[in-house]
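All residue numbers for the sequence shown refer to our numbering, where the first residue is 56 and numbers rise by one. Glycine is no exception: its CB is placed at the ideal position from the N, C-alpha and C atoms.
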Amino acid sequence: MRPLKILFVAAEMAPLVKVGGLGDVVGALPAALAARGHDARVLLPAYDPVMTRKARVITLLPDGSGRLLEYRASTVPVPVWLLETAGFLRRGGRPYLTRAGTPWADDPLQFGRLGRTAADIASGRLVDAWQPDVLHANDWHTGLAPVWMHLENSAAASVFTVHNLGYIGRFAADILSRLGLPPSMNHPEALEFYGDIAYMKGGLAFADQVTTVSPRYAAEIQTPAFGSGLDGLVRARSDRLTGILNGIDLEAWNPATDPALENHFDAVRPDGKQDERDRLLHGLGLDPVTDPQTPVLAWVGRLTAQKGADLLVEALPGLMERSVRLVVLGSGDRETEQTLVRAARSRPGLLAVHPTFDEALAHRIYAGADMLLLPSRFEPCGLTQMYAMRYGTIPLVTPVGGLADTVVDSGDAAPQEAKACGFHLARPSVSALLEGVDRAVGTFRQPDRWRTLVRNAMIRRFDWDSSAAAYERVYQSALRDKPAPDRPDMPRRRSRRRHRATLGSR
Ligand code: ADP
Numbered sequence: 056m057r058p059l060k061i062l063f064v065a066a067e068m069a070p071l072v073k074v075g076g077l078g079d080v081v082g083a084l085p086a087a088l089a090a091r092g093h094d095a096r097v098l099l100p101a102y103d104p105v106m107t108r109k110a111r112v113i114t115l116l117p118d119g120s121g122r123l124l125e126y127r128a129s130t131v132p133v134p135v136w137l138l139e140t141a142g143f144l145r146r147g148g149r150p151y152l153t154r155a156g157t158p159w160a161d162d163p164l165q166f167g168r169l170g171r172t173a174a175d176i177a178s179g180r181l182v183d184a185w186q187p188d189v190l191h192a193n194d195w196h197t198g199l200a201p202v203w204m205h206l207e208n209s210a211a212a213s214v215f216t217v218h219n220l221g222y223i224g225r226f227a228a229d230i231l232s233r234l235g236l237p238p239s240m241n242h243p244e245a246l247e248f249y250g251d252i253a254y255m256k257g258g259l260a261f262a263d264q265v266t267t268v269s270p271r272y273a274a275e276i277q278t279p280a281f282g283s284g285l286d287g288l289v290r291a292r293s294d295r296l297t298g299i300l301n302g303i304d305l306e307a308w309n310p311a312t313d314p315a316l317e318n319h320f321d322a323v324r325p326d327g328k329q330d331e332r333d334r335l336l337h338g339l340g341l342d343p344v345t346d347p348q349t350p351v352l353a354w355v356g357r358l359t360a361q362k363g364a365d366l367l368v369e370a371l372p373g374l375m376e377r378s379v380r381l382v383v384l385g386s387g388d389r390e391t392e393q394t395l396v397r398a399a400r401s402r403p404g405l406l407a408v409h410p411t412f413d414e415a416l417a418h419r420i421y422a423g424a425d426m427l428l429l430p431s432r433f434e435p436c437g438l439t440q441m442y443a444m445r446y447g448t449i450p451l452v453t454p455v456g457g458l459a460d461t462v463v464d465s466g467d468a469a470p471q472e473a474k475a476c477g478f479h480l481a482r483p484s485v486s487a488l489l490e491g492v493d494r495a496v497g498t499f500r501q502p503d504r505w506r507t508l509v510r511n512a513m514i515r516r517f518d519w520d521s522s523a524a525a526y527e528r529v530y531q532s533a534l535r536d537k538p539a540p541d542r543p544d545m546p547r548r549r550s551r552r553r554h555r556a557t558l559g560s561r
C-alpha cells in the first residue's frame, strides 16, 4: 500500500510514560508501521517538565492554553509531539491519578484539549508542514478527536482503538460548552451517557473505523457483560469494528539479551532460566528452592478488580498452604496493596510483595518465575501473558479477551500436539484459581511435560509486524469509507479564519 502519514494520539507511550499496556502499544505500533514505510508520529501530553526540556517548540495553541513541542531522541523510534499545558505539567509525571490515588479533577478539560489538538493537527490547521492521512486515537482520553473531525469534516480519516472499555471517561455535561462543542453532542446517539458525557462514545460513534485489541474482546464488548453500558453502540458499529491482537516488542522483551537479567536464555538453551530463578528469590529475600517440586508463582499487574486482585488476596491462605513461592509486583487499589504487604510480613521467605511500578523487576520476574497468575474478569488483550510466555513462564488465565486468544490450555492432550502453553481457569473465582494452580503444579512435577509446555510457550511469536499489517488494512478501509470532503450532504469545512475565531472562544 502507499506510504501513509499517521498521527497517533494517546495518553501513554513507553518508554516516556507508561502505566500499563497502552503505553507498550503506543511505544511499539508506530515504530512497526514506520518500519513498513509509513510516516508515523505520536501526540502525547507532557506530564512533566523533564519531558519538555529537550523538546523544541512547534507552535502555540491558538487559545493560549499551551504549546505543541517536538521531541526526538534515540529512545523513541518515531517523532513525538508533546501537548504542553499547565494542567498536564502539574501532574508531575502521574498521568491519571494524584498521589492520593484519585483521578485528576481537570481530566475532562485537559484530555478535551488533547482531542481538540489532535483534530486540529489532523485538519492541517495547527501545523503547516505535516498533515496526517489518518488520525489514530486511543481510548477515552482521545475520544473527542474523532468528534471534532466529524463536526469539521476533516480531510483525514479517523481510527479509534479501544484498549479498555472499563474506563469510559464519564464527566458532567457542562464540559461540552467549556470545550466549545455544540449542545447537539449531548444526545444519546452522540456523547450523552445517563445524564453525563462519555468521551469513549466519541471515538466509538464518530470514528471512521473502530478497532480493539483482540478478536475475542471485539466480540465480548458487544455483550452487556463486557460492554460497560456501551454494548448497544458497539453493536451498532460492528460493521466497522475489527479486533487486532497486540504484538510485543521482541527486542525489548528478549530473554537472550535482556539487560535486566544476568543469566540469558532462549528456547534452545533454556538453562539460564533456572539461574535467574535463584537470583530472583535471593534478590527478593525469599528462601531458595531446593525441592524441584516447588514452583515459583508470580503476579505482575495492576491490583484492581479487573485483574482479579481481590481473588489473589482471598486465595493467599490457600496458595501459601501449598509448596510454592509467590512473588507479587503490582500497584493499584491501596487497601489491596496494604493487605498484601501485611501478608508478606507474616510469610517471610515464602511471599514477596512489591506494591510499586518497577520495570526492571517486572523483567526479572517474567524470567525467574515458573507460573504467572492472571485470574482477570476481563482482559482486552493483556501483554503480561505474552511476555511471560516469551520468558518461559507459564500463564494461568481466565479465558477472556486476549487471554483466550493467546493462551492454549494444556488440557489432556499431549502438549506437543495441542501447542499448549498455559492453563485456563474455569472462571474468575478463588476456587478456580486454586484448582488451576493444582493442575499446573501437577504438570510442573512431570519435568518432561513441563519442558514441552515451556518450549511451546517460548517459541510462540506475537510480533508487531503482522498486527501492523492488519492496522494497514483498517486504515485503508477508513480512507475508503470516509465521506468525500465536498459531498453536498455533508457540512462544508469551515474556513481557516472562522475556525481560529472558534478556537479563540474555547
Ligand atoms: P493493563 O494495560 O490492563 O494494565 P497489560 O497486560 O496490557 O495490562 O499491560 C501491563 C503492562 O504493564 C505490562 O508491560 C506489565 O509488565 C506492566 N506492569 C504492570 N504492573 C507493573 C508494575 N507494578 N511494575 C512494572 N511493570 C508493570
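VAL462 has its CB no nearer than 7 Å to any heavy atom of the ligand ADP.
Residue environment: PRO163 is assigned as buried (16 or more neighbouring CB atoms within 10 Å of its CB, all protein chains considered). With fewer than 16 other Cβ atoms inside 10 Å of its own Cβ, LYS109 counts as exposed.
The residue from ARG377, THR394, MET426 and LYS256 with its alpha-carbon nearest to that of LEU405 is ARG377. Counting of Cβ neighbours within 10 angstroms places THR411 among the exposed residues, the total staying below 16. A distance of 8 Å or more separates the beta carbons of LEU427 and HIS409.
Going by beta carbons, GLY257 and ALA273 fall outside the 8 Å limit.
In this structure, CYS476 has its beta carbon at no less than 7 Å from each heavy atom of the ligand ADP. Segment contact: the segment 341-354 against the segment 471-485, fewer than three CB-CB distances shorter than 8 Å; contact not assigned. Judged by the Cβ position, ASN208 fails to qualify as a neighbour of the ligand ADP at the 7 Å threshold, every heavy atom of the ligand being at least this far. The closest heavy atom of the ligand ADP lies 7 Å or more from the beta carbon of VAL529.
Contact annotation: PHE478 and ASP464 have beta-carbon atoms nearer than 8 Å. Going by DSSP, VAL217 is part of the beta strand (DSSP E) stretching over 212-217. Counting only the Cα atoms, ASN193 lies some 37 Å from ASN318. Contact check for ALA89 against GLY78 fails: the beta carbons are separated by 8 Å or more. In the DSSP annotation of this structure, the continuous segment of the alpha helix (DSSP H) that includes GLU392 starts and ends at 389-401. With fewer than 16 other CB atoms across the displayed protein chains lying within 10 angstroms of its CB, GLU244 is exposed. Cα atoms of LEU115 and ARG389: separation of roughly 39 Å, rounded to the nearest angstrom. Across the structure, ARG146 and ALA524 are spaced so that their CA atoms are roughly 36 Å apart. For ALA524, there is no enclosing beta strand (DSSP E); the residue is found in the alpha helix (DSSP H) stretching over 519-536.
Taken through DSSP and simplified to helix, strand or coil, TYR151 comes out as coil.
If you compare the alpha carbons of ALA370, HIS191, ARG171 and VAL74 with that of GLY148, the shortest gap goes to VAL74. In the DSSP assignment, ARG127 forms no beta bridge with any residue. No Cβ-Cβ contact shorter than 8 Å links HIS218 with ILE61.
LYS328 carries a helical assignment under DSSP once its states are collapsed to helix, strand and coil.
Bounds of the alpha helix (DSSP H) holding THR498 are 485-499.
Taken through DSSP and simplified to helix, strand or coil, PHE248 comes out as strand. Inside the segment 254-303, DSSP marks whole alpha helix (DSSP H) runs of 4 or more residues at positions 254-261, 270-275 and 286-291, from first to last along the chain. In this structure VAL72 does not touch ARG96 by the C-beta definition: roughly 16 Å separates them, more than the 8 Å allowed.
Taking the CA atoms as reference points, GLY221 sits about 28 Å from ILE176.
Taking 3 residues as the shortest admissible run, the segment 431-472 contains the following complete beta strand (DSSP E) segments, listed from N- to C-terminal end: 449-452. Approximately 16 Å separates the beta-carbon atoms of PRO343 and LEU352; this is outside 8 Å, ruling out the contact.
Burial state of GLU306 is exposed, judged by a 10 Å Cβ sphere holding fewer than 16 other Cβ atoms. Under DSSP, the beta-bridge partners assigned to PHE478 are LEU451. Here VAL112 is exposed: its Cβ has fewer than 16 other Cβ atoms, across all protein chains shown, within 10 Å.
As computed with DSSP, LEU358 is found in a beta bridge with GLY387.
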